[in-house]
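Undergrad:
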Amino acid sequence: MARRYRKKNEGSWIGIMIILAVIVYIIKILFPLLIIAGIVTAGYGIYYYGNKKARGGIVLSSLALVLCVSLGGYVYGHSNGNVATQQEKPTTSNKLTQVAKSTSTSPSTSSVEASSSTTQITSTTTSTTTSTTTESAEPLEPAQFLLGKPANQKITATVNKFVDGDTTYFLLGSQMIKVRYLLIDTPETKSHQPYADQAKERVHQLLTQAKTIELAYDIGQKQDHYGRELMYVFADGQLVQEILAREGLAMVRYITPPNTQYLDQVQAAQEQAKAENLNIWSVAGYADAQGYHEDASAQNQATTPAQATPAQNQPAPATNAETQYVDANGNGLIKGSANGIYHIPGSKYYSRTTNPMQMFKTISEAEQAGFRAPRG
Numbered sequence: 000m001a002r003r004y005r006k007k008n009e010g011s012w013i014g015i016m017i018i019l020a021v022i023v024y025i026i027k028i029l030f031p032l033l034i035i036a037g038i039v040t041a042g043y044g045i046y047y048y049g050n051k052k053a054r055g056g057i058v059l060s061s062l063a064l065v066l067c068v069s070l071g072g073y074v075y076g077h078s079n080g081n082v083a084t085q086q087e088k089p090t091t092s093n094k095l096t097q098v099a100k101s102t103s104t105s106p107s108t109s110s111v112e113a114s115s116s117t118t119q120i121t122s123t124t125t126s127t128t129t130s131t132t133t134e135s136a137e138p139l140e141p142a143q144f145l146l147g148k149p150a151n152q153k154i155t156a157t158v159n160k161f162v163d164g165d166t167t168y169f170l171l172g173s174q175m176i177k178v179r180y181l182l183i184d185t186p187e188t189k190s191h192q193p194y195a196d197q198a199k200e201r202v203h204q205l206l207t208q209a210k211t212i213e214l215a216y217d218i219g220q221k222q223d224h225y226g227r228e229l230m231y232v233f234a235d236g237q238l239v240q241e242i243l244a245r246e247g248l249a250m251v252r253y254i255t256p257p258n259t260q261y262l263d264q265v266q267a268a269q270e271q272a273k274a275e276n277l278n279i280w281s282v283a284g285y286a287d288a289q290g291y292h293e294d295a296s297a298q299n300q301a302t303t304p305a306q307a308t309p310a311q312n313q314p315a316p317a318t319n320a321e322t323q324y325v326d327a328n329g330n331g332l333i334k335g336s337a338n339g340i341y342h343i344p345g346s347k348y349y350s351r352t353t354n355p356m357q358m359f360k361t362i363s364e365a366e367q368a369g370f371r372a373p374r375g
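For the sequence shown, counting from 1, position 202 maps to 201 in numbering that gives the first Met the number 0; every step adds exactly one.
1) According to the neighbour-count rule (16 or more other Cβ atoms, all chains shown, within 10 Å of its Cβ), is Gly147 buried or exposed?
2) Locate the beta strand (DSSP E) running through Val232, then write down its first and last residues.
3) So the beta strand (DSSP E) Gly335 belongs to, where does it begin and stop?
4) Which residues does DSSP list as the beta-bridge partners of Thr188?
5) Alpha helix (DSSP H) containing Val162: first to last residue?
6) Does the distance from the CB of Leu170 to the CB of Asp217 come in under 8 angstroms?
7) With distances taken between CB atoms, is the gap from Asp196 to Asn276 smaller than 8 angstroms?
8) Once DSSP output is grouped into helix, strand and coil, what is the label at Arg359?
9) Could you check whether the stretch 184-199 touches the stretch 212-230, counting it as contact only if at least three pairs of C-beta atoms, one from each stretch, sit closer than 8 angstroms?
10) Take Gln357 and list the residues in its own chain whose beta-carbon comes closer than 7 angstroms to its own, dropping the five residues that flank it on each side.
11) Let me make sure I understand the geometry here. Which of Leu205, Glu137, Thr167, Arg227 has the alpha-carbon closest to that of Pro153?
12) In three-state terms, what does DSSP make of Ala215?
13) Would you decide whether Ser281 is buried or exposed? Buried here means 16 or more other CB atoms lie within 10 Å of its CB.
14) Does DSSP put Gly290 in a helix, in a strand, or in coil?
15) With distance defined between alpha-carbon atoms, name the residue in Leu205, Ile17, Ile176 nearest to Ser346.
16) What are the boundary residues of the alpha helix (DSSP H) that Arg245 is part of?
17) Would you mind stating whether Val265 and Arg227 have Cβ atoms separated by less than 8 angstroms?
18) May I ask you to report which of helix, strand or coil DSSP gives Ala365?
19) Can you give me the start and stop residues for the alpha helix (DSSP H) that Phe144 sits inside?
20) On a CA-only basis, which of Tyr348, Pro373, Tyr341, Arg374 is nearest Lys360? Give me that one, please.
21) Do Ala286 and Ile279 have their CB atoms nearer than 8 angstroms?
22) Val202: buried (16+ other C-beta within 10 angstroms of its C-beta) or exposed?
23) Applying the criterion that 16 or more other CB atoms from any shown protein chain within 10 Å of the CB defines a buried residue, is Gln289 buried or exposed?
24) To which residues of the same chain is Gly339 closer than 7 angstroms at the C-beta, ignoring the five residues directly before and after it?
25) Once DSSP output is grouped into helix, strand and coil, what is the label at Ala20?
26) Might you give, ordered along the chain, the residues of its own chain that have their beta carbon closer than 8 angstroms to the beta carbon of Met175, omitting 5 neighbours on each side?
27) Since Gln174 is in the alpha helix (DSSP H), which residue starts that stretch and which ends it?
28) Residues in the same chain with beta-carbon distance under 6 angstroms from Met16, minus the five sequence neighbours each way, listed in chain order, please.
29) Give the C-beta separation of Leu229 and Asp223 to the nearest angstrom, bearing in mind that I take them to be a contact with Cβ-Cβ under 8 angstroms.
30) In this structure, does DSSP put Val325 in helix, strand or coil?
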């Protein structure tokens, strides 16, 4: 009876092991060899110990089976983990690629937005400067300025050489340019026209005494047919063209629209000089729309000395190279105030000086008489 029981028991365990093997095979086709070897070993152990020690064989076989299944599960799980990791890597890589693309796209988008913003700011600045006065925009290098020739933008310059009242050589950095002053015409020094030397001397005085000299183009033609730069000239912020027109040393001429930003104020200054018969306007017919007419003998009539009473500080005679401020009768127009300051026509305090102590024709006369120029 015992033998039959053992054989029946042995057959049952073998059947169980076969079933387990089939299940494992189904779960994982060709499951790692370690599982198969473990199962075979477990089956052999069951058979061997079943013949001698049934209880011990069962326990040992169970332990062997658990060990094999555990090892197989670990191998199976590790294998699936590797596969999952390999599948996950491309996904992570794709995510990184997408992040990189989005990152690279962001600066591009930002740059477009910045560009748009810059365009709006530039447009606003342009409309403002062209409708009012010339403004000092962000400084440009001299080479960039001369290449682009921006309208209504000032650039700092220094004088290289004086030609006459309306033409000067300037230096922009190391670049020398010949500038023809916009809107005005002064007598020619080469032709020895009356008041040519005075106009040149006045420009020399304005620019050599100025702390800052600035040049600017208008919105129209940038050069004349001689290759000269057509520009506005500023001495410490004051438009030189306007000063010359106000003092009767230049007339409004050679207007080339749309280069007319300061035309109204220069014409207004000229009308004041005409009304006061200053310099080129002191003799009728000398200056008109056709130019200057030397046969009008403006120089002799404008410099005819007035009758003067001898005084202790009698001014010295003026030289032809110095600007004379006289009316049609040759009387001096420079006012010497009670506080020892002289004021030339068109200056800030000229009209306010209603009771001058003395009148002078030239600045040198006023200085020799002990008067000084106003400060500021």
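C-beta atoms are modelled at their ideal positions from N, C-alpha and C, and glycine is treated no differently.
TA: With the structure as the only source:
1) exposed
2) 228-234
3) 333-335
4) Per DSSP, none; premise fails for Thr188.
5) Element bounds for Val162: not the alpha helix (DSSP H) but the beta strand (DSSP E), 154-163.
6) no
7) no
8) Here the sequence assigns Phe to residue 359, which means Arg is not the residue at that position. Note: Phe359 maps to strand in three-state DSSP.
9) no
10) Gly335, Ala368
11) It should be pointed out that residue 153 corresponds to Lys in this sequence rather than to Pro. Of the candidates Leu205, Glu137, Thr167, Arg227, the one whose C-alpha sits nearest the C-alpha of Lys153 is Glu137.
12) strand
13) buried
14) strand
15) Leu205
16) 239-245
17) no
18) helix
19) 141-147
20) Tyr341
21) yes
22) buried
23) exposed
24) Gly369, Phe370, Arg371
25) helix
26) Asn159, Tyr168, Phe169
27) It is not in any alpha helix (DSSP H) - Gln174 instead sits in the beta strand (DSSP E) that spans 174-180.
28) Gly42
29) 6 angstroms
30) strand
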